[in-house]
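In this note's numbering, the protein residues as written are 41 to 194.
Backbone N, C-alpha and C fix where the C-beta goes; we use that ideal spot for every residue, glycine too.
Predicted model, so just to flag it, every value in this text is computed and none were measured.
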């Protein structure tokens, strides 16, 4: 593979990486099926979180969770949808303080939609800048890997 071909392939991989997010998996997590309620262990497993994280989110006011007659947490579809959002925002680097403000706005009602939208627009811009930098880093890495396949180079 010539160096120009290696660079082109590196850039393609940086923009279109293999193994992208499964939209179907996200839809399954965010479904509207109110018939299913999960306990904390099931919820944590489906979301790839630790039960301690779920308790923490509840303790700091990001989530209110119903309890059954035995006092165990019961996560309904709305709780799971909120947790999917919270998890994605945390993975994307949104600080807990911003999440708390966002959830406070959500819980305050529809009048806060413009402020929530503004928060998400700012976060999106930050993510786009980070993604651009990561794509360049990935392209550089892919390029260097491709050059090593041709033999040792500096």
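Exercise. So, is residue 171 buried or exposed, given that buried needs 16 or more other C-beta atoms within 10 angstroms?
Worked result: To locate residue 171, count along the chain shown from 1; it is residue 131. It counts as exposed.
Exercise. Would DSSP call residue 124 helix, strand or coil?
Worked result: Here the question's residue 124 lines up with position 84 in the chain shown. Reduced to three states, the DSSP call for residue 124 is helix.
Problem set entry | Sequence-distant residues of the same chain with beta carbon closer than 8 Å to residue 123, five excluded per side | Along the chain shown, read from residue 1 onward, the residue named residue 123 stands at position 83. Here the set comprises 83, 87, 89, 94, 97, 103 and 115.
Exercise. From what residue to what residue does the alpha helix (DSSP H) around residue 171 run?
Worked result: Here residue 171 is taken as the residue at index 131 of the chain shown, counted from 1. Where residue 171 is concerned, the enclosing alpha helix (DSSP H) stretches over 153-189.
Exercise. Taking the C-alpha atoms as reference points, what is the distance between residue 126 and residue 142?
Worked result: Indexing the chain shown from 1 puts residue 126 at position 86. Indexing the chain shown from 1 puts residue 142 at position 102. Each residue's Cα considered, the two are about 10 Å apart.
Exercise. Helix, strand or coil: how does DSSP classify residue 110 here?
Worked result: Here residue 110 is taken as the residue at index 70 of the chain shown, counted from 1. If DSSP states are grouped into helix, strand and coil, residue 110 belongs with coil.
Problem set entry | Terminal residues of the alpha helix (DSSP H) in which residue 148 lies | Here the question's residue 148 lines up with position 108 in the chain shown. Per DSSP, residue 148 belongs to the alpha helix (DSSP H) from 136-148.
Problem set entry | Buried versus exposed call for residue 131 [16 or more other C-beta atoms within 10 Å across all chains shown] | As a first step, residue 131 is located in the chain shown; it is residue number 91 there, counting from the start. Under this definition residue 131 is an exposed residue.
Exercise. According to the neighbour-count rule (16 or more other Cβ atoms, all chains shown, within 10 Å of its Cβ), is residue 113 buried or exposed?
Worked result: Counted from its first residue, the chain shown places residue 113 at position 73. When all chains shown are included, residue 113 counts as buried.
Exercise. Which partner residues of residue 96 appear in the DSSP bridge assignment?
Worked result: For the purposes of this step, residue 96 is identified with residue 56 of the chain shown, where counting begins at 1. For residue 96, which the question treats as bridged, DSSP gives no partner whatsoever.
For this session: With distances taken Cα to Cα, identify the nearest neighbour of residue 133 among 106, 150, 79 and 167.
Result: By one-based count along the chain shown, residue 133 stands at place 93. For residue 133, the nearest C-alpha among the options comes from 167.
Problem set entry | Spatial distance of residue 200 from residue 165 (CA atoms) | Look at the range of the chain in this structure, 41 to 194, and you will see that residue 200 is not part of it.
Problem set entry | Buried or exposed by the 16-neighbour rule on C-beta atoms within 10 Å, applied to residue 180 | Within the chain shown, residue 180 is the residue found at index 140, counting from 1. Burial call: exposed.
Exercise. How about residue 78 and residue 120: are their beta carbons less than 9 Å apart?
Worked result: Indexing the chain shown from 1 puts residue 78 at position 38. Indexing the chain shown from 1 puts residue 120 at position 80. Cβ distance < 9 Å, so residue 78 and residue 120 count as in contact.
Exercise. Alpha carbon to alpha carbon, how far is residue 85 from residue 137?
Worked result: The sequence position of residue 85 within the chain shown is 45, counting from 1. The sequence position of residue 137 within the chain shown is 97, counting from 1. C-alpha separation (whole angstroms): 25 Å.
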